[in-house]
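To convert, count from 1 in the sequence shown and add 11; that's this note's numbering.
Where a beta carbon is used, it is the ideal one built from N, C-alpha and C, also for glycine.
Bear in mind the structure is a predicted one, so any value in this text is a computation, not a measurement.
So the structure is just underneath, and the comments pick up after that.
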Amino acid sequence: MLEVLKVTHTYGRAQELHTALEDVSLEVPAGELVSIVGTSGCGKSTLLRAIAGLIAPASGEILLSGVPVRGVPDNLAVVFQDYSRSLLPWLSVRDNVTFALRQRRMSRADRRTAALDALGAVGLADSAAKYPWQLSGGMQQRVAIARAIAYGPALLLMDEPFGSVDAQTREDLEDLLLRVRGDTDMTILVVTHDIDESVYIGDRVIVMSPSPGRIVADLAVDLPKDRDQITTRELPEFVHLRGEVGRLVRGQALSGTG
Ligand SMILES: Nc1ncnc2c1ncn2[C@@H]1O[C@H](COP(=O)(O)OP(=O)(O)OP(=O)(O)O)[C@@H](O)[C@H]1O
């Protein structure tokens, strides 16, 4: 369980003070995938950074499995948009994954097996011996996801993870994420600019207001667990929810609430 309790964060000081997050509260049970959307600059990355323990919020508290987050928690993995900077170019794909496991109390052989299993899960078993720069962007992002799965975190934070790949690869990676989460009880937070994606991958969609970022809506995604790029996106519930999220992001009220 992740608990964000009345978190406010400001950057700068005195006259330069900028409130990036204001009174943000959020509870995410283990195993849930929550999408976070909002206009550019509304504080989505700041929220992820605070949850990741990379910045200490000015006020409020963040608890992961009941333990206050002070610094980067052990049981956390992060996937960023920029895959080209997240992988180590001098290590093979397999070693990029095993490198992430170096703090785990595992034998070398077990680390290797876990890495190969995770690469198999993302369809890259055959590329284990290659180097990141020999792979396409979408494949590199799959390596970053394999690294996160192999680590087996309680919490996976993803900041625009599919923002730098083409549309077809993006759909493939969305489906990969849905498959992966079906096999684990990781709690997953995904920041995205893509409203359709937020609904397609999410159990819930959190909408943030423009700066200072506050949570303006927390919408349950009432769609079947088994999703499909064509049929799910045609469902009336999908189309309705996509409209609601789009309206909220643009600062309009939910339909039926005036
Ligand atoms: N290190 C920093 N110092 C000062 N201000 C910052 C810093 N990081 C972010 N900000 C400001 O805080 C606000 C929130 O930024 P943040 O990156 O969290 O937004 P975001 O919603 O993730 O934006 P985007 O969708 O464009 O990535 C913005 O106004 C930004 O300019």
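Where residue i falls: helix, strand or coil (DSSP)
| i | result |
| --- | --- |
| G131 | helix |
| Q263 | coil |
| G77 | coil |
| F173 | coil |
| S138 | helix |
| V45 | strand |
| A165 | coil |
| R119 | helix |
| G71 | strand |
| I217 | strand |
| D34 | strand |
Cβ-based neighbour list, residue i, same chain, cut-off 7 Å, excluding 5 preceding and 5 following
| i | result |
| --- | --- |
| Q92 | D170, E171, P172, G174 and S175 |
| D233 | E248 |
| M76 | The residue you asked about is not Met; residue 76 is Ser in the sequence shown. Around S76: M12 and A165. |
| S209 | S46, V48, T203, V216 and V256 |
| I206 | V48, R253, V256, G257 and V260 |
For residue j and residue i, believed in contact at Cβ under 8 Å, the rounded distance
| i | j | result |
| --- | --- | --- |
| Q152 | L188 | That pair is no contact at about 10 Å. |
| A31 | G49 | Not a contact, Cβ separation roughly 12 Å. |
| A120 | L130 | 16 Å between Cβ atoms; not a contact. |
| Y142 | S103 | 6 Å |
| V191 | I160 | 6 Å |
Cut-off 8 Å between Cβ atoms - residues of its own chain near residue i, not counting five sequence neighbours on either side
| i | result |
| --- | --- |
| G193 | K236 |
| V18 | L32, D34, V35, S36, L58, A61, P68, S70, G71, E72 and I73 |
| G213 | L44, V45, S46, V201 and V232 |
Spatial neighbours of residue i in its chain, beta-carbon cut-off 6 Å, leaving aside the 5 residues before and after
| i | result |
| --- | --- |
| E38 | E14 |
Legend entry - Residues proximal to ligand 1 by C-beta, any heavy atom closer than 6 Å: Y22, G23, H29, A31, G49, S51, G52, C53, G54, K55, S56, T57 and S222
Inset, instruction - Mind listing, in chain order, the continuous alpha helix (DSSP H) runs of no fewer than 4 residues lying wholly within the segment 219-265? - result: 242-245 and 247-260
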